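Protein chains in written order, with the working numbering: chain A, 1 to 208; chain B, 1001 to 1125; chain C, 2001 to 2490.
Yeah, the Cβ is synthetic: ideal placement off N, Cα and C, and Gly gets one too.
Please read these numbers as outputs of a predicted model, since none were measured by experiment.
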Amino acid sequence: MSAGGATTVDMVVFGVLATLTTFFALFTITRRNPVTAVMSLVATFFCLAGIYASLSAHFLAVIQVLVYAGAIMVLFIFVIMILNREEVAPFSLRPLRVLGVLAGVYLLVKIIDVVTVGLPEAVPGAAPDGFGTVAAIGDVLFRDFLYPFESISVLLLVAIVGGVVVSRSHQKEVAAVEAHDYRHQIEELAHHDYPGEPPAPAAPEGYH
Amino acid sequence: MILGGVGFAFALTAAAKYLGPSRPSAAKDYPYECGSDVIGSPRARFEVKFYQVAIVFLVFDIETAFLYPWALKYRALSCLGQVDLQTRVCTGGVSFFGLGEILVFMGILIVALAYVWRKRAVGWE
Amino acid sequence: MSFDATQLFAYAPMLILIGMGCLILLAETFAQGASRAGLAWLGIAGCVGALIAIVAGWAGAAEPTTHFQGMLVVDRMALFLDGTFVAAALLTLLFAPPYLREQGFEFGEFYAMVLFATAGMVMVIHATHLVSLLIGIETMSLAAYVLTGCWRRSLRSAEGAIKYFLMGAFATGFLVYGMAMVYGTTGGELSYAGIASKVPQATKSPLFYLGEYFILVALGFKVAAVPFHMWAPDAYEGAPTPVTGFMAAGVKAAAFGAIVRLLGSAFASPLLVFDFTGWASVLAVLAAATMTLGNLAAIRQDNVKRLLAYSSISHAGYLLIGVVASGLGVASAKPAVLFYLASYTFTTLGAFGVVAWIGNRSDERLYVDDWAGVGTARPAVALAMTLFLLSLGGVPPTGGFFGKFYLFRAAMESPQLHWLVVVAVVNSMVSVYYYLRVVVSMYFRDSTRALAPTEGATMRLGLLLTAIAVVLLGIFPGTVVEWAGSIALK
């Protein structure tokens, strides 16, 4: 909540967004059609971004929309489109379902406990004004965290180049090997193809 | 209130499921609404290039996210003194700190862009 | 905001490596079809430049100085290991070009990735903040995954890379989760000094211990210590052989450097070291398990590459002894670990260099029996390989012998560790058996088929340099330990 305490407007906005988030989250796990489910997940992310923004965590909201609703979801949709198949069941999920329900119930009990009773120890004091805004993040990111900020560009560079290297076609590689083979054969012929030279013993194949 | 919210969400889902008209037909289950026939299995392997595009997009997307706070703080980062909150004027000297740090960051990523660009231009066919 | 640009000079080695990596990428990109051999020389030039920068910075690093708001430190320990990493990269760049040309996948990105991985190792070893540690580890590991998987024609390479990547991603998850717990329980501290100052109050929460051990688990994955070693044999076997040497030496040394630094500062409090749950006892047990399992598995291997992979796991066990000893307050343990890392790096690189040398594209000759007759056909290479294997086994007068000697002597100073030294000595003797199997095959058995190794001038130069380094480490161990000992035992 903002430092000044929650106003009625805040509460209404939060209520609407929270309801929508829950609604879309439920929709995500109940739809059979994977594309509908993914689209509901996108909507969930957007609503979450709204909640972050209303809590003055603006940067988080931007990241949520850009990275999660944008980039990560693109990957999701890719995977779903590509693995466009119904009812994938490589192994039975039933035992896991029981575990899932148990974990869910435990989480629910804990949340109710925390909400009604409060945390066992004092919660850290209210965040200072402007905490979590883009400007505050910028202050930390570009002064205290200058080195991580710069060095992460190297990490991103390695990630991009690595992605291209690992996923590119190996046709060229095969072509290079064939060319090498060809040259090798010509050399061999040039070497051995005169009278008097006994044929080289055939190298036995490796047994691995 | 939590119960209210959760209950409302459940109610909406249930309403969507039970109140909406549900008339399944073979035509609706057909993959293409325009009526085209399905050719081959949908489990065909896709070109790895699509993944490449997705990965490259992801990384540059994250890079963009870093530019938001920088754009907002650029004035303060380039100012040796304080930035006046009302007039937004910098008292004190100007430094190239703000510009320099983003140039280094962008410079390294432009190497990545150049790399991807050239490799793709050569290898897309 | 004023920014002191002069502090960048302290990080010249890292900057040179990154700059040269970018240059190689651009050269590869814009010089299509041109000879790729020139790119390897660019990389070698970068390594030489970085080595010069390290030597130039040595005098100024007598006292540790931190930079970038406590994110990085420059001290003798960091520079010593920097030198080791850059030397490893240099030797890899000497071994790789003939090998890549023979196998038909020589491209510039490979050399750039070696340099970026080395820059990542340098970042890891200078880090005094968990965020800078994370970024260093990720840069190093991402480049290592790519190097493992870049042999596109080989299915084993793909298999090794995917295992390495999945396990590595899992380890990163542990690292980040551990960082979050440490951050929460220390009240927002991520720098090593900050964590150390908050330990007494943070230990009230069990989550702090959980966070500490999560971070150690992540680093355990990187050094391939025993419960977290499953990825190593497959990744090491699948990777192109020069890369295997680079990974087994460089990545492991960097992760050990990070462990030594982290346990020596952030988690150095007696509250965390001693007792049944302290990291000293946990790591002692892991050390014994790592040595023993690594050796037992290595005995059963017929594939030389896999044999060396398991042997590299067992070496992580020996190194952990030194880490434990330094946690128990033995001052000579830290230099001993660093000396061991240096000698192990050269020896491992040399051994994998010979493995890369012996095969060709149609016949990799990876099995012990395939090595028969090398001793008579190519006495110089056989001699070098014998030297490396003896050094790995810890036989005098090689660098490996003194590495083990210093390590065990340091551990003997702590009465609690005597049992561990006994385990380690028994393990060393066992390991000599399987190293000697290769030597016996090379000298005392007749060749089954003609030798057609991957020749290359740079490869020969690399083997010569590693052999000289291993011998020198065996002749002048005192000097190197002195360098390692000047490493601020704060």
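Residue(s) in a DSSP beta bridge with residue i
| i | result |
| --- | --- |
| Cys1090 of chain B | B:Val1083 |
| Leu2072 of chain C | C:His2067, C:Ala2127 |
| Ser2191 of chain C | C:His2129 |
| Tyr2340 of chain C | Answer is none; Tyr2340 of chain C lacks a bridge partner. |
| Asn2303 of chain C | C:Tyr2367 |
Cβ-based burial, residue i [other Cβ within 10 Å; buried from 16]
| i | result |
| --- | --- |
| Ala2127 of chain C | buried |
| Asn2295 of chain C | buried |
| Met2230 of chain C | exposed |
| Gln1082 of chain B | exposed |
| Gly2238 of chain C | buried |
| Tyr1018 of chain B | exposed |
| Phe2204 of chain C | Checking the sequence, you will find Lys at residue 2204 of chain C rather than Phe. So Lys2204 of chain C ends up on the exposed side. |
| Gln1086 of chain B | exposed |
| Gln2069 of chain C | exposed |
| Gln1980 of chain C | Not covered by the structure: residue 1980 of chain C. The range shown for chain C is 2001 to 2490. |
| Arg2076 of chain C | buried |
| Leu96 of chain A | exposed |
| Gln185 of chain A | exposed |
| Pro90 of chain A | Low confidence applies to Pro90 of chain A: its pLDDT is 49, below 50, so where it sits in the model is not reliable, and the reading given next is rough at best. Exposed. |
| Leu2190 of chain C | buried |
| Arg1070 of chain B | Note that residue 1070 of chain B is Trp in the sequence shown here, rather than Arg. Trp1070 of chain B comes out buried. |
| Ser2141 of chain C | buried |
| Asp2370 of chain C | buried |
| Met2123 of chain C | buried |
| Glu87 of chain A | Confidence is the limiting factor: at Glu87 of chain A the pLDDT is only 48, short of 50, which leaves the residue's position unreliable and the question unanswerable from this model. |
| Met2429 of chain C | exposed |
| Leu1080 of chain B | exposed |
| Arg2300 of chain C | exposed |
Residue i: contacting residues in chain C (beta-carbon distance under 9 Å)
| i | result |
| --- | --- |
| Ile1108 of chain B | Ile2018, Cys2022 |
| Pro148 of chain A | Phe2068, Met2071, His2129, Val2131, Ser2132, Leu2134, Ile2135 |
Partner residues on chain C for residue i, Cβ-Cβ distance less than 8 Å
| i | result |
| --- | --- |
| Tyr1051 of chain B | Within 8 Å Cβ-Cβ: nothing; Tyr1051 of chain B doesn't reach chain C, min ~14 Å. |
| Ala1015 of chain B | Correct list: empty, because the minimum Cβ distance to chain C is about 39 Å. |
| Val1111 of chain B | Cys2022, Leu2025, Leu2026 |
Neighbour list for residue i in chain B, Cβ cutoff strictly below 8 Å
| i | result |
| --- | --- |
| Thr2454 of chain C | Those within 8 Å of Thr2454 of chain C in chain B number zero; the least Cβ separation is about 28 Å. |
| Thr2029 of chain C | Ala1114, Tyr1115, Arg1118, Lys1119 |
| Phe142 of chain A | Pro1069, Trp1070, Lys1073, Leu1077, Gly1098, Glu1101 |
Proximal residues of chain B, C-beta to C-beta of residue i below 9 Å
| i | result |
| --- | --- |
| Ala135 of chain A | Pro1069, Leu1072, Lys1073, Ala1076 |
| Asp129 of chain A | Here the premise fails: no neighbours, minimum Cβ distance about 13 Å. |
Under 9 Å by beta carbon: chain A residues contacting residue i
| i | result |
| --- | --- |
| Ala1065 of chain B | Phe59, Val62, Ile63, Leu66, Val67 |
| Val1056 of chain B | Ile160, Gly163, Val164 |
Residue i: CB within 6 Å of a non-hydrogen atom of the ligand HEM
| i | result |
| --- | --- |
| Met39 of chain A | Only the bare structure without any ligand can be found here, which leaves the ligand HEM out of the picture. |
Neighbourhood of residue i by C-beta distance below 6 Å, restricted to the same chain and skipping five residues each side
| i | result |
| --- | --- |
| Ala2112 of chain C | Gly2021, Ile2024, Leu2025 |
| Arg31 of chain A | Ala37 |
| Ala53 of chain A | Ala61 |
| Gly2220 of chain C | Phe2228 |
| Phe1050 of chain B | none |
Cβ neighbours of residue i in the same chain (closer than 8 Å, five flanking residues each side left out)
| i | result |
| --- | --- |
| Ile2044 of chain C | Leu2090, Leu2093, Leu2094 |
| Thr21 of chain A | Thr44, Cys47, Leu48, Ile51 |
| Met2412 of chain C | His2418, Val2421 |
| Val1059 of chain B | Ala1112 |
| Trp2058 of chain C | Arg2076, Leu2079 |
| Thr2277 of chain C | Tyr2209 |
Contact set for residue i: own chain, Cβ-Cβ below 7 Å, skip 5 residues either direction
| i | result |
| --- | --- |
| Arg1075 of chain B | Val1083, Arg1088, Cys1090 |
| Gly2145 of chain C | Note that residue 2145 of chain C is Tyr in the sequence shown here, rather than Gly. Here the set comprises Ala2161, Tyr2164, Phe2165, Gly2168. |
| Val2368 of chain C | Asp2302, Val2304, Arg2437, Val2438, Ser2441 |
Interface residues of chain A facing residue i [CB-CB closer than 7 Å]
| i | result |
| --- | --- |
| Val2251 of chain C | Result: empty, since nearest Cβ-Cβ is about 14 Å, beyond 7 Å. |
| Glu2138 of chain C | Leu155 |
| Glu2109 of chain C | Val161, Val165 |
Proximal residues of chain A, C-beta to C-beta of residue i below 8 Å
| i | result |
| --- | --- |
| Asp1061 of chain B | Leu66, Val67, Gly70, Ala71 |
| Ala2112 of chain C | Val161 |
Contact list for residue i against chain B, beta-carbon separation under 7 Å
| i | result |
| --- | --- |
| Ser139 of chain A | According to the sequence displayed, residue 139 of chain A carries Asp and not Ser. Per Cβ cutoff of 7 Å: Lys1073. |
Worksheet item: At a Cβ cut of 7 Å, what residues of the region 150–165 of chain A count as close to chain B, listed as they run along the chain?
Response: Glu150, Ser153, Val154, Leu156, Leu157, Ala159, Ile160, Val161, Gly163, Val164
Fill in: Near-chain B residues of the region 64–78 of chain A (beta-carbon distance less than 7 Å), N- to C-terminal order
So the close ones are Leu66, Val67, Gly70, Ala71, Val74, Leu75, Phe78.
Fill in: Contact list for the region 2114–2132 of chain C against chain A, Cβ threshold 9 Å
Phe2116, Ala2117, Ala2119, Gly2120, Met2123, His2129, Val2131, Ser2132
Worksheet item: Along the region 2140–2161 of chain C, what residues have a CB closer than 8 Å to any CB found in chain A?
Response: Leu2142, Ala2143, Tyr2145, Val2146, Gly2149, Cys2150, Arg2152, Arg2153, Ala2161
Worksheet item: Just by C-beta distance, which residues in the region 13–35 of chain A are closer than 7 Å to chain B?
Response: Gly15, Ala18, Thr19, Thr22, Phe23, Leu26, Phe27, Thr30
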